[in-house]
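Before any comments, here is the structure.
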Amino acid sequence: MQFNPLVISYERLLEIFWSGIEPTHQKRGQYANIIFYHNDEQKRQAEESKQRLEERLKKKTFVDVLPYKHFFPAEDYHQKYSLQQSRELMRVLHNVYPNFADLVKSTAAARLNAFQAGYLSQPKLRAELSRLDLPKPALDHILEVAAGSSTSAAAH
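Numbered by our numbering, the letters in the sequence shown go through residues 8 to 163 in order.
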């Protein structure tokens, strides 16, 4: 995934970042919360957003603001974690994407992972997947399995 400021602003990414973590809990190593920046303007925005949050919470946050150097993908067992909890969905997707790296990069897997984690409703999932170039039998099977999925939380 690449950041495109014409699609979403860095400020909006920061808002999404803060809403998805517990910033007052300290985590170390590969689980640390970190905001990466590419230039001085992004660094300023990241530091200011962190300061605003700390002032609002009246607590220190355990989030580092660091220059971007290199991206290291997580181990396979972390990739599309919520989706991987459904063996049936993974089996169907494996038929479409035999290579796990291709599955991880696919929009279909991203949408199904969001659905399984409770961040995407069934109607939105259906609409999103219908726009993709999935074989009709696979799409029908995925939607059938997702409809009966007991692991997905109520969508937000």
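Don't be surprised by glycine CBs; every beta carbon is placed ideally from N, CA and C.
Because the structure is a prediction, the values reported are computed rather than measured.
{"Query": "Inter-residue CB distance, L132 and A116 (contact presumed, cutoff 8 angstroms)", "Result": "That pair is no contact at about 12 angstroms."}
{"Query": "N46 beta carbon less than 8 angstroms from that of P30", "Result": "no"}
{"Query": "P105 versus P130 - alpha carbon distance", "Result": "27 angstroms"}
{"Query": "Backbone secondary structure at I28 - three-state DSSP", "Result": "coil"}
{"Query": "Delimiting residues of the alpha helix (DSSP H) encompassing V14", "Result": "Where V14 is concerned, there is no enclosing alpha helix (DSSP H), given that its DSSP letter is neither H nor E."}
{"Query": "N11 versus E48 - alpha carbon distance", "Result": "15 angstroms"}
{"Query": "Boundaries (first-last residue) of the alpha helix (DSSP H) holding Y88", "Result": "Y88 to Q91"}
{"Query": "Bounding residues of the beta strand (DSSP E) (the contiguous stretch that carries D71)", "Result": "V70 to P74"}
{"Query": "DSSP three-state assignment for Y126, whether helix, strand or coil", "Result": "coil"}
{"Query": "Per-residue DSSP class, three states only, for Y44", "Result": "strand"}
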